[in-house]
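**Q**
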Amino acid sequence: MNKDIFLSNSLGGKKEKFVPINKSNIGMYVCGPTVYDDPHIGNARPLVIFDLLFKVLKCKYGDKAVTYVRNITDIDDKIIKSSKEKKISISDLTDKITKKFHNDCEYLICDVPTHEPKATENIKLMIDMINNLIKNEFAYESEKHIYFKVKKFKDYGKLSNKNLEDLIAGSRVEVSENKKNPEDFVLWKPSIDDEPFWESPWGKGRPGWHLECSVMSKKYLGATFDIHGGGRDLIFPHHENEIAQSVCANKTDRFANYWIHNGFITMSKEKMAKSQGNILKIGDFKNKYNGQVLRLALMSAHYTQPLDWNDKLMGECYRTISKWYGCYAPTNKKILIKDEDLQPLYDDLNSPGYIANLHKLYVKAKDGNLSDKELFTVACNFIGLLKQPKEKWDEFKKGKVAFSEKQILDKIIERNKARQDKNYKLADKIRGELLDKGILIEDKDGKTTWKIK
RNA sequence: GGUAACGUGGCGGAAUGGUUACGCAGAGGAUUGCAAAUCCUUGUAUCCCGGUUCGAUUCCGGGCGUUACCUCCA
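This is the structure in structure tokens:
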């Protein structure tokens, strides 16, 4: 489609037309997971949202024109803590969680990013960047710690609309006797005891959290690139600090041009977070729902809005996809989705608007011919839905029930006999029994089918 | 306290300076032994107070409310 893409830019707080630095080489960096514990629904939202943005960018600029980098944070205090609690080595823990994360991405039908760098594989570049910052007096050493001198960066707070006075007045910044100023943040810290470490000019140690994103985005996308994404909660301090490090180290005016932040998943209107104790792991859904259901649910609100998670939402999304499979018509033909249908996605990734269009295309497909059904299917495919064969969708439904399929089919035969004898009382009793087990009987076109309620 | 996002019908959720979102639920109908599923038809809305305007739900200002960030968090 030839139309422009618009995005809500957190830097400036306005919706803006997306103008790439180089339209044949677009860079997008998204903060990926810290692999210390099972991924939860809150982590799933940016996966799906930025996957959607990746798809939209590829649609407009071409598959090869977009470089999507999503990091894996595999060294961090939370990881050290978690490995101690779980009594497994750090590498075992990070390998295990990374594997789960990749499974979850697949389950959610996300395209694979162009690059997925790990922090531990880029320590040398981090040390280089620290050296650079020290040399140019943006950073200083204190008791084997290296801190970034926030006062040296005049634009600090521009992304999060904060000023230094307020931050200090808030006095909730980490107090440390090593820091010259309370707002300074750590670039490198010493490792003690059995903590993992890397050799550095300042002794055995490990990097601060923010540094990896500055280093790895530069490695793959350059000092200034198009889009940087992540959850809202990363705006401060993480992204603010990334900007400070990168701009000062690279001597540029800008780091990323567009900052895109997704809103939270909430439970009863409260943020879903480990510290709140209200998380739902992605893995817990795998036996219960096809990944498409989760994916649709995650796209059901605009990405900037909070999204309240509940069973009703899942039920609705399940029934919608179930219904949509009624018009499933996969094809290898090149079918173009009409501009007017695609338009909401170009306008700030308006997924609910696009889903509304899918509903309209469904109505047309239902009453229409094969090509209407193919168009509908292609339009669903665009946002990662209806990509699995119908058999697989049906299979999933039959996966988890108390009765075996044979038992159910026997019951159905028994019931149909009763129906033939006009013994409706017995027929309804059998149907009731099955329904108690969550199995729903449908008599359609002379045949009886069943499905999970 | 500072900063930000948000406040749309019963619910979820878009859009919009004057006109249909869409989905779910509800109501009526078709179909069915009865259901289920599906299909058809259909009602209901823009937190409060000012301002700008011929006209505001939409723009501006002020309230009130909800949530988040300011410490790790997607």
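953 is the number of the first residue of the first sequence in the working numbering; add one for each residue after it.
Quick reminder that beta carbons are idealized off the backbone N, C-alpha and C, glycines included.
For K1325, does the count of other Cβ atoms within 10 angstroms reach 16, so buried, or fall short, so exposed?
**A** buried
**Q** Please return the same chain residues whose Cβ sits closer than 6 Å to the Cβ of Y1020, not counting the five positions on each side in sequence.
**A** M980, F1006, P1065 and T1066
**Q** Locate the beta strand (DSSP E) running through D1300, then write down its first and last residues.
**A** Here D1300 belongs to no beta strand (DSSP E), and DSSP marks it neither H nor E.
**Q** Give the DSSP-derived three-state secondary structure of N961 in the structure shown.
**A** strand
**Q** DSSP state of H1213, grouped into three classes?
**A** strand
**Q** Taking contact to mean at least 3 C-beta pairs separated by less than 8 Å, is the region 1184 to 1197 in contact with the region 1152 to 1164?
**A** yes
**Q** Three-state secondary structure (DSSP) at R1124?
**A** Only weak support is given to the placement of R1124: the predicted model assigns it a pLDDT of 49, under 50, and the value that follows is read from those uncertain coordinates. Three-state result, R1124: coil.
**Q** If you check the beta carbons only, do K1087 and G1155 fall under 7 Å apart?
**A** no
**Q** By a C-beta neighbour count over all protein chains shown, 10 Å radius and 16 as the cutoff for buried, is T1272 buried or exposed?
**A** T1272 is classed as buried because its beta carbon has at least 16 other beta carbons within 10 Å across all chains shown.
**Q** Can you grab the Cα-Cα spacing for the pair R1124 / N1133, in whole Å?
**A** Residue placement at R1124 is flagged as unreliable, the pLDDT there being 49, under the threshold of 50; a coordinate-derived value is accordingly withheld.
**Q** Give the C-beta separation of I1098 and W1140 to the nearest angstrom, bearing in mind that I take them to be a contact with Cβ-Cβ under 8 Å.
**A** 4 Å
**Q** Alpha carbon to alpha carbon, what distance is there between D990 and I1024?
**A** 14 Å
**Q** Mapping the DSSP letters down to three states, classify D1029 as helix, strand or coil.
**A** helix
**Q** Do the region 991 to 1000 and the region 1025 to 1044 touch if we need at least three Cβ pairs shorter than 8 Å?
**A** no
**Q** Roughly how many angstroms lie between the CA atoms of G1174 and Y1277, to the nearest whole one?
**A** 43 Å
**Q** When the distance is taken between beta carbons, is A1196 closer than 7 Å to F1328?
**A** no
**Q** Do the region 1052 to 1071 and the region 1002 to 1017 make contact, defined as three or more Cβ pairs closer than 8 Å?
**A** Three or more beta-carbon pairs drawn from the region 1052 to 1071 and the region 1002 to 1017 are found closer than 8 Å, and the two stretches are therefore classed as touching.
**Q** T1019 by DSSP, collapsed to three states: which one?
**A** strand
**Q** Taking 8 Å as the limit between beta carbons, can you name the residues of its chain near N1074, skipping five residues before and five after?
**A** For N1074, where only same-chain residues beyond five positions count, the Cβ hits under 8 Å are E1164, V1167, M1168 and K1171.
**Q** Let me know if T986 comes out buried or exposed under the rule of 16 or more other beta-carbons within 10 Å of its beta-carbon.
**A** buried
**Q** Measuring alpha carbon to alpha carbon, tell me which of D1236, G965 and P1148 ends up nearest N1113.
**A** G965
**Q** Indicate the three-state DSSP secondary structure (helix, strand or coil) for H992 in the structure shown.
**A** Strand.
**Q** Return helix, strand or coil for V982, following the three-state DSSP convention.
**A** strand
**Q** Please name the residue in I1042, D1044, I1179 and F1137 whose C-alpha comes closest to that of F958.
**A** I1179
**Q** In whole angstroms, what is the alpha-carbon distance linking E1347 and N1333?
**A** 20 Å
**Q** Terminal residues of the continuous beta strand (DSSP E) containing T1066?
**A** Unbroken run through T1066: none, as it is neither H nor E.
**Q** From the DSSP output, which residues share a beta bridge with I1179?
**A** M980 and Y1210
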